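Residue numbers (our numbering): 105 to 404.
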């Protein structure tokens with residue numbers, strides 16, 4: 105049995121999964137115990153970007169994790185079409201980690217802002233398309249930690265959470281780069297070393313370009329960095345904000361991951377976000393945006 109709870113916070117576009125405990129797990133080690141952990145995937149989606157996991161608890165068949173794992177940048181549309189896969193595995197330091205059991209929860213069953221509690225028996229289905237060699241003693245397929253499920257596919261370039269605020273006292277636009285989620289992997293290790301560039305166009309000289317710090321080996325970086333453009337409010341209507349996410353490569357050209365453009369020529373949520381900023385002076389307006397595979401530096 106696995107006991108856990110799910111909460112979709114629609115206001116912050118976050119899915120919280122609280123892993124409480126498991127009971128009566130199958131013995132996996134020669135001492136009659138196991139070293140269990142729980143791994144989460146959002147399906148369909150990029151494997152590394154959507155993978156979260158708890159800590160490993162040693163020598164127990166009744167682990168108590170009491171951990172909350174959070175997916176950021178989750179939209180209402182995601183909740184209608186995605187499934188959360190919870191997999192309980194046994195950590196093996198000398199060999200491959202072993203599959204204990206799984207649960208799949210269609211997220212459309214959740215109501216926004218309402219915690220739903222689960223206490224469900226684990227199922228024995230192995231998700232890999234080609235299960236690895238069988239363990240003759242236990243008759244169980246060995247779960248391969250780093251293999252993707254056949255359900256997993258690359259969905260998009262990722263998403264970015266941006267805040268905008270026109271500060272009347274400073275007569276400036278303050279752009280906040282809060283975090284990214286589900287970025288595309290650009291390095292051979294399945295991760296990226298992301299950073300964000302912002303560029304207010306038409307060109308205002310050196311003061312128009314900024315970039316964040318680099319976050320190492322992650323597809324879900326948290327930046328919480330703000331940048332200030334001194335500009336008259338009436339001039340903002342003529343400007344466009346280019347935001348691009350890059351993978352840092354030492355001694356080589358940085359790889360473009362994805363970008364988004366905010367301004368009066370934008371559409372949909374991007375245009376709404378820009379107008380909300382222009383209309384509501386001194387109010388910090390946050391919004392998630394989907395990155396597209398269009399490099400702004402090549403379109404200048």
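Backbone N, C-alpha and C fix where the C-beta goes; we use that ideal spot for every residue, glycine too. Treat the numbers as computed from the prediction; the structure is a model and nothing was measured.
- Going by beta carbons, residue 309 and residue 288 fall outside the 8 Å limit.
- A residue is called buried when at least 16 other Cβ atoms come within 10 angstroms of its Cβ; residue 348 meets this threshold and is buried.
- DSSP, read as helix, strand or coil, puts residue 128 in coil.
- Of 363, 140, 161, 228, the smallest CA-CA separation from residue 194 is found for 140.
- Here residue 372 carries a helix assignment [DSSP, helix/strand/coil].
- Shown here for residue 225: same chain residues with a beta carbon closer than 7 Å to its own, the five before and five after excluded, namely 105 in chain order.
- By a beta-carbon distance limit of 8 Å, residue 366 does not contact residue 340. Their separation comes to about 11 Å.
- If you check the CB distance, residue 333 and residue 276 come in under 8 Å.
- Exclusion of the five residues before and after residue 319 leaves 298, 325 as the residues of its chain whose Cβ lies within less than 6 Å of its Cβ.
- In the three-state reduction of the DSSP assignment, residue 152 falls in the coil class.
- The C-beta distance from residue 129 to residue 138 rounds to 6 Å, short enough to meet the 8 Å contact threshold.
- Annotation for residue 214: no beta strand (DSSP E) segment contains it, and DSSP assigns it neither H nor E.
- A straight-line Cα-Cα distance of about 17 Å links residue 109 and residue 117.
- Beta bridge pairing from DSSP links residue 276 with 271, 334.
- When the five nearest sequence neighbours on each side are left out, the beta carbons in the same chain lying within less than 6 Å of the beta carbon of residue 329 are those of 281, 316, in order along the chain.
- Annotation: residue 273 to residue 356 spans about 42 Å, alpha carbon to alpha carbon.
- Judged by beta-carbon spacing, residue 188 lies within the 8 Å limit of residue 121, meaning their Cβ atoms are closer than that value.
- Here residue 225 carries a coil assignment [DSSP, helix/strand/coil].
- From the listed residues 155, 154, 169, the smallest Cα separation to residue 161 is found for 169.
- Comparing C-alpha distances from residue 135 to each of 375, 163, 373 shows the shortest one belongs to 163.
- Under DSSP, the beta-bridge partners assigned to residue 120 are 111, 174.
- With a beta-carbon spacing of about 7 Å, residue 346 and residue 363 fall inside the 8 Å limit used to define contacts.
- Residue nearest to residue 114 within the set 177, 167, 203 is 177 (criterion: CA-CA distance).
- Taken through DSSP and simplified to helix, strand or coil, residue 188 comes out as strand.
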